[in-house]
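Here's the structure we're looking at; comments come further down.
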Amino acid sequence: MSQSDAQLDKHLQTALFGTPVLHPDEQHRNLGTFHERIDLAITFTQALTRDYSAELQAEMAAHPDYQLLLHGLLDQDIRDRYVQLAAKQNVKFAIRNDLMYRHEPDSLAVALVATCAITPTTINIDQRFPDPQPAPHQSGDLLERIHHHLEVQRQDFLSKLK
């Protein structure tokens, strides 16, 4: 195959299937970014059980050049709270609505990310900022209720696409 044929084939493949993505599985898990760029991460379970505004505000103040990524299927009131926080701190934010981004209880719902690789000790917000006053013991079916809530949100989102 000549060089012009190879270029034509590459152009056709891009036109048919879109621009190739580096490490697509990792980007789908991490709201479209690479793991090494994440400073703080909040899962759906964490987002539904606790407000992390103070922790995010402190981290945004320390790193105003970072960007806040929010999953589009996160509850609107929670999402709005973090969008307002990012706007108040003059931090860029993006809401990721594509269905390719994972939507399970332990999937990322919110991520504060850098534009290049960083090396935080951990990205888990609960490990970096432990809750000073842990909530009283929740019932054993909390994860089930969260999973059900996420499934209802997913079905609602899919019905709106039709």
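Be aware that the sequence shown starts at 1133, since it is given in the numbering used here, and climbs by one per residue.
Just so you know, even glycine gets a beta-carbon here, dropped at the ideal spot from N, CA and C.
Exposure of residue i, with buried meaning 16 or more beta-carbon neighbours within 10 Å
i	result
S1088	What the structure shows of the chain is the stretch from 1133 to 1294, and residue 1088 is not part of that stretch, so it cannot be assessed.
V1191	In the sequence on display, residue 1191 carries Glu and not Val. Classification of E1191: buried, given that the 10 Å Cβ count is 16 or more.
V1245	buried
R1277	exposed
H1280	exposed
L1275	exposed
A1179	buried
A1249	exposed
L1144	exposed
Q1216	exposed
T1165	buried
Q1199	buried
A1218	buried
N1229	exposed
L1163	buried
L1282	buried
L1231	exposed
L1140	exposed
L1293	exposed
Expected contact under 8 Å - CB spacing of residue i and residue j to nearest Å
i	j	result
L1172	R1260	7 Å
A1241	L1206	5 Å
T1175	P1237	7 Å
H1214	L1202	Residue identity differs from the one stated: residue 1214 is Tyr in this sequence, not His. Right, their Cβ atoms sit about 6 Å apart.
Extent of the continuous beta strand (DSSP E) run through residue i
i	result
F1225	1224 to 1228
L1205	Run containing L1205: none; DSSP gives neither H nor E here.
A1243	1240 to 1245
Unbroken alpha helix (DSSP H) run spanning residue i, endpoints
i	result
T1177	1176 to 1181
A1218	1208 to 1220
D1258	1257 to 1260
M1232	Neither: M1232 is in no alpha helix (DSSP H) and is coded neither H nor E.
A1249	Unbroken run through A1249: none, as it is neither H nor E.
E1168	No alpha helix (DSSP H) contains E1168, which DSSP labels as neither H nor E.
Residue i CB to nearest heavy atom of the ligand ZN below 7 Å
i	result
F1166	The ligand ZN is absent from the structure shown, which contains no ligands of any kind.
- Query: Hey, is the stretch 1251 to 1264 in contact with the stretch 1215 to 1234, meaning 3+ C-beta pairs nearer than 8 Å?
  - Reply: no
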